[in-house]
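Visitor:
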Ligand code: UTP
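Numbering (the numbering used here), first residue to last: 3 to 505.
Structure follows, in C-alpha cells:
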C-alpha cells in the first residue's frame, strides 16, 4: 500500500480550499511507494537513485515519466530480447529463385503490363505511400529530421521534396493514363510516420515548404512509439536525473503506430488496398512505383520487397532468407550472418547463395497490415542495437531496442521479391560526409550519374569542367519519374554539368 505523502508548507490535516491546494510537485517528499515497489519488481528502482538531489518539480517530472511507461510490457521485452541474444540462430536457406522476379527473366512486355496495371490502380485511388521517418539519424549527425536534408544537388532540394515531387509526377502519369481511358484520377495519399524526435520539425518543414506542391489534406502525419534505452544488464539508462533515456521503437513500430492512430481504418475508408512503404534516406527512391505495384498485383501476394544483388560477401546489408526448409521469408542482418554463409557460392549460378539485399522498399496489402499489426505487437523479442545514448554521464554505450519493418514478413501468407538495379533506385544517406560510404556526397553522385544517363539516352549532350564520373545532371522529378518524357526536353540540347533540368 502507498504511504501517505507529506505535504510541504501546509497543515496536512486542515481542509484546503481549491485555491489553497498546493501544486502537485510539492507533495512529493518520497518516491511514491507503490511505484517504487513496482520498479523493484522489475529491478529498475535505480531510476530513483538521485531523488534526494531533485527539485520538487523534477521529482514530479520523474514520476510522470515512469508512470507513462507500460512497465510490465517493457520488462517482458527487455527480458525476452536479452535472453534471445546469443541463442543459436535457426537454420536458414537461400530464397528460391522462383520467389524472385530477376532482371534477367523480365520481358519488356511484362514491364509495360505492370506499369499500366500499377497506374490504373493508382488512378483508382488504391495506393497509399507510407514513409518511415521516425529515425534519429544519429550517424548523419544533422539536428533536423533526415528528410529535411539537402544532399547538395544543383536544385538544393531536400529528400522530402524529391519524394513529394515523385508522388506528384506519378499522380500526373496516372491521371494522364486515366484521361486516355476517360476516367478521373485520385490523389495519392502520403502517410508520414514521425517520432517524438522528428515530429514537430517534420510538420513545420512541410508547412513552410507548402507541402512541396501537394495538397495539405493528402498528407497525414502520425507518431511511432518510444521505448527506454537500457544498459547491457537491462537497466534503464537515465538521460537526466529525472528522465529515462528513450529511443523510437524501430521502423517496425509502424505497425503498432498505424493501429493506435486508427490509420488502418482511415486507409480502408479511402478505398486504399495497397501500401508502398519506404525509408526516408534513399535519394533515388521510386515512391509509388507503378511497375512494382503492377508486379505486386499480378503476383497476388500479401507482402513484397524490392531487393538488390549483394555487391560482395562482406557488404553491410541484411539479406532475405528462408527460415528453415520451406520456412517463412525473413531478413538476416549482416552482423548475424555467419561469414562462411555470407561468402557461400551457388554452384549452378556461380553467384552468392545469400544474395538478395534488403533496401527497405516494401509493398503490402491493407489486409496484411491489419493482420500483422496485431501479431507483431505480441512479439516480445526486439532487435538490440548497441549505440551511443545520451545519459547523465554524457554519451554512453547502451542498447536501443527496435522492431524492424521486415519483422512482418514471416507473418505474410505469401511473399515475393522484386530485383531492382541499385544504380537506378538505391542511393542511401546514412553517414556524414567524410565517411567511406552512404553519405550525402555519394548519394548526390548516384543521382547525378543516373540522370545524366537518362539525358544522354534521350538525345541530350553534356559538357563538364570536372571529370564526368564526379558530376552529372539532375532531372526534376516533375519532368520525369524514371527517365520517361525527356526526349522533348533534351534531344539535341547541350547541358553543362552540374545543373538541374526542369520545365
Ligand atoms: P536507420 O536504421 O538507418 O536509422 O533507419 P536512422 O535512425 O535513420 O539512423 P541512425 O541509425 O540513428 O544513424 C532506416 C529508416 O527507418 C526509419 C528511418 O527514419 C529511416 O527511414 N526509422 C528508423 C524509423 O522510422 N523509426 C525508427 O525507430 C528507426
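Idealized CB from N, CA, C, for every residue including glycine.
For residue 291, which of helix, strand or coil comes out of DSSP?
Guide: Of the three classes helix, strand and coil, the one that applies to residue 291 here is coil, per DSSP.
Visitor: Going by the C-beta, is residue 281 closer than 7 Å to any heavy atom of ligand 1?
Guide: Flag set: Cβ of residue 281 near ligand 1.
Visitor: Under 7 Å from any heavy atom of ligand 3, does the C-beta of residue 226 make it?
Guide: Ligand 3 is not part of the structure shown, which contains ligand 1 as its ligands.
Visitor: Measuring only the C-alpha atoms, how far is residue 217 from residue 55?
Guide: Answer to the nearest angstrom: the Cα atoms are 51 Å apart.
Visitor: Smallest Cα separation from residue 384: which of 253, 418, 204?
Guide: Here the closest residue by C-alpha is 253.
Visitor: My parser needs the alpha helix (DSSP H) runs of 4 or more residues fully inside the region 148–227; what are they?
Guide: Correct list: 161–182, 201–210.
Visitor: Taking C-alpha atoms, which residue in 321, 365, 262 lies nearest to residue 305?
Guide: Minimum Cα distance to residue 305 is reached at 365.
Visitor: Please give the ranges of any alpha helix (DSSP H) in the region 391–461, keeping only runs that are unbroken, at least 4 residues long and fully inside the region.
Guide: The region 391–461 contains these whole alpha helix (DSSP H) runs: 424–427, 442–459.
Visitor: Among 467, 257, 59, 503, which residue has its Cα nearest to the Cα of residue 367?
Guide: Among 467, 257, 59, 503, the Cα nearest to that of residue 367 belongs to 257.
Visitor: Leaving aside the five residues before and after residue 20 along the sequence, list all residues of the same chain whose C-beta is less than 7 Å from its C-beta, in chain order.
Guide: In this prediction, residue 20 has a pLDDT of 46, which is less than 50 and means its spatial position is unreliable; nothing more can be read from the coordinates.
Visitor: When you measure from the CB of residue 140 to every non-hydrogen atom of ligand 1, does any distance come out below 7 Å?
Guide: Checking the Cβ of residue 140 against ligand 1 gives yes.
Visitor: Looking at C-beta atoms only, is the number of pairs between the region 290–306 and the region 402–422 that lie closer than 8 Å three or more?
Guide: Judged by Cβ distances under 8 Å, the region 290–306 makes contact with the region 402–422, as three or more pairs qualify.
Visitor: From which residue to which residue does the alpha helix (DSSP H) around residue 119 run?
Guide: Counting along the chain, the alpha helix (DSSP H) containing residue 119 begins and ends at 110–125.
Visitor: At a threshold of 7 Å, does residue 432 count as lining ligand 1 (C-beta to nearest heavy atom)?
Guide: Because some heavy atom of ligand 1 lies under 7 Å away, the Cβ of residue 432 counts as near it: yes.
Visitor: Select from 406, 149, 479 the residue whose C-alpha is nearest the C-alpha of residue 284.
Guide: Here the closest residue by C-alpha is 149.
Visitor: Beta-carbon separation of residue 390 and residue 200 under 8 Å?
Guide: Going by C-beta atoms, residue 390 is not nearer than 8 Å to residue 200.
Visitor: Just verifying my parser: in three-state terms, what is the DSSP assignment at residue 248?
Guide: Residue state, collapsed to three classes: strand.
Visitor: When we look at the beta-carbon of residue 187 and count the other beta-carbons within 10 Å, is it buried (16 or more) or exposed?
Guide: Residue 187 is buried by the Cβ-count criterion.
Visitor: Using DSSP with H/G/I as helix, E/B as strand and the rest coil, what is residue 384?
Guide: Coil.
Visitor: Exposed or buried, residue 453, counting other C-beta atoms within 10 Å across all chains shown (16 or more means buried)?
Guide: By the neighbour-count rule (16 or more Cβ atoms within 10 Å), residue 453 is buried.
Visitor: Do residue 125 and residue 403 have their C-beta atoms closer together than 8 Å?
Guide: No, these two residues do not count as a Cβ contact at 8 Å.
Visitor: Counting Cβ pairs, one atom from each stretch, are 3 or more of them under 8 Å apart for the region 234–254 and the region 55–69?
Guide: Yes, the region 234–254 is in contact with the region 55–69.
Visitor: Rounded to a whole number of angstroms, what is the C-alpha to C-alpha distance between residue 239 and residue 45?
Guide: Their Cα atoms are separated by approximately 13 Å.
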